Amino acid sequence: MKIEEGYMPFREYQTYYRIVGEPSPDKAPLLLIHGGPGSSHNYFELLDDYAQTGRQLIMYDQVGCGKSSLPEDPAVYVKETWAEELVALRKYLHLDQLHMLGQSWGGMLEMYYLTQYDPQGIKSVMIDGSPASIKLWTQEQHRLISYLSYEDREAIAEAERTGDFTNVKYLAANDCYMERYCWDDPDENSPEPLRRPTNGKRASLIAEGPNEFTENGTISDFDVTDQLKNIHVPVLVTSGTDDLCTPLIAKSVYDHIPGAKWHLFANSRHLALLDQHDEFIEVLDRWLAEND
């Protein structure tokens, strides 16, 4: 497959993008929006083979992540920056008609973009493992923590009480929590894209906070639940049964978007693209074909 890489000027920064496949007269391109804040496009490379169906894939690293600029200024790391970057990328790459898939924070960014910017030319949107409300997200994370061992629960509670997220016991407990509900720490057996650094620790700490359940960063007040009724493009909500994005979180998105559909991946954590790869591709392909 043809792969094109480049950089878009954005403010005084550079946004890295990667395009897989050729444009098609029959199939609108799919823009992939990664999670975090602070992840990167890397895991979307697990979709590269899908471009062989004739659908062009476009992925990018948000400012502060991956191969894009990594600004020092904390004021950059806000939802408005990443929404404006998305607007600029569509314009720069002439994405007049497209489908969008946002995973985790990427789906939150989609919801913010759709409710605040009234964009045109979007054929469909897939919101994959994303909350509309950080308050509900943190509430559900603490419920998930309650299923961990007593030792892990205590270590996490102590870290939250003291604000010290460097203790060895806390770090081990957080690893257990992430492996149970998110994904495994990459090792030599992991797909190569997952072993690459995301360069997003700074973005993650500023925007989100020290972990998934202590949300005290710039997006900690994120809540677009009441605005979701204004979304009038086809939306597919997806999540996993063992996901950080619990069924309650996914349902709160699904319930508020007119005409939305929802697919729950059995035996999947926060990245169904990894845990249920073949089913994820089937669901994605069927959804896009229905809305081309």
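In terms of the working numbering, the sequence shown opens at residue 35 and continues consecutively. Positions of the beta carbon are idealized from the N, C-alpha and C atoms, including for glycine. The structure displayed is predicted, hence computed values, not measured ones.
Cβ contact (3+ pairs, closer than 8 Å) linking the stretch 237-251 and the stretch 168-184: yes
Range of the contiguous alpha helix (DSSP H) that encloses residue 91: Within the sequence shown, numbered from 1, the residue matching residue 91 stands at position 57. Where residue 91 is concerned, there is no enclosing alpha helix (DSSP H), although the beta strand (DSSP E) it sits in stretches over 91-94.
Pair within 8 Å by beta-carbon distance, residue 322 and residue 89: Mapped onto the sequence shown, residue 322 falls at position 288. Mapped onto the sequence shown, residue 89 falls at position 55. Their beta carbons are under 8 Å apart, which means residue 322 touches residue 89 by this criterion.
Backbone secondary structure at residue 48 - three-state DSSP: Counted from its first residue, the sequence shown places residue 48 at position 14. Correct three-state label for residue 48: strand.
Helix, strand or coil at residue 148 according to DSSP, with G and I counted as helix: Here residue 148 corresponds to residue number 114 of the sequence shown, with the count starting at 1. Three-state DSSP puts residue 148 in a helix.
Alpha-carbon spacing of residue 95 relative to residue 202, whole angstroms: Mapped onto the sequence shown, residue 95 falls at position 61. Mapped onto the sequence shown, residue 202 falls at position 168. The straight-line gap from Cα to Cα measures roughly 31 Å.
Own chain residues within Cβ distance below 7 Å of residue 263, not counting five before or after: Within the sequence shown, numbered from 1, the residue matching residue 263 stands at position 229. Contacts found: 290 and 292.
Residue 59 (DSSP reduced to helix, strand or coil): In the sequence shown, residue 59 corresponds to position 25, counting from 1. Three-state DSSP puts residue 59 in coil, outside helix and strand.
Beta-carbon spacing of residue 160, residue 135 below 8 Å: Taking the sequence shown and counting its residues from 1, one reaches residue 160 at position 126. Taking the sequence shown and counting its residues from 1, one reaches residue 135 at position 101. Their beta carbons are under 8 Å apart, which means residue 160 touches residue 135 by this criterion.
8 Å Cβ cutoff met for residue 98 and residue 237: Taking the first residue of the sequence shown as 1, we reach residue 98 at position 64. Taking the first residue of the sequence shown as 1, we reach residue 237 at position 203. In this structure, residue 237 lies closer than 8 Å to residue 98 by Cβ.
Proximal residues to residue 141 (C-beta, below 6 Å), its chain only, five neighbours per side dropped: Translated into positions along the sequence shown, residue 141 becomes position 107. Within the same chain, residue 141 has close Cβ partners 161, 162 and 164.
Length of the line joining the Cα atoms of residue 118 and residue 46: Taking the first residue of the sequence shown as 1, we reach residue 118 at position 84. Taking the first residue of the sequence shown as 1, we reach residue 46 at position 12. C-alpha separation (whole angstroms): 13 Å.
Residue 310, enclosing alpha helix (DSSP H) - first and last residue: Here residue 310 refers to the residue found at position 276 when the sequence shown is read from its first residue. It is not in any alpha helix (DSSP H) - residue 310 carries neither H nor E in the DSSP assignment.
Whole-Å CB distance - residue 37 paired with residue 54, under 8 Å assumed: Numbered from its first residue, the sequence shown carries residue 37 at position 3. Numbered from its first residue, the sequence shown carries residue 54 at position 20. Right, their Cβ atoms sit about 5 Å apart.
Rounded distance between the beta-carbons of residue 129 and residue 63, thought under 8 Å: As a first step, residue 63 is located in the sequence shown; it is residue number 29 there, counting from the start. As a first step, residue 129 is located in the sequence shown; it is residue number 95 there, counting from the start. Sure, about 7 Å apart at Cβ, within 8 Å.
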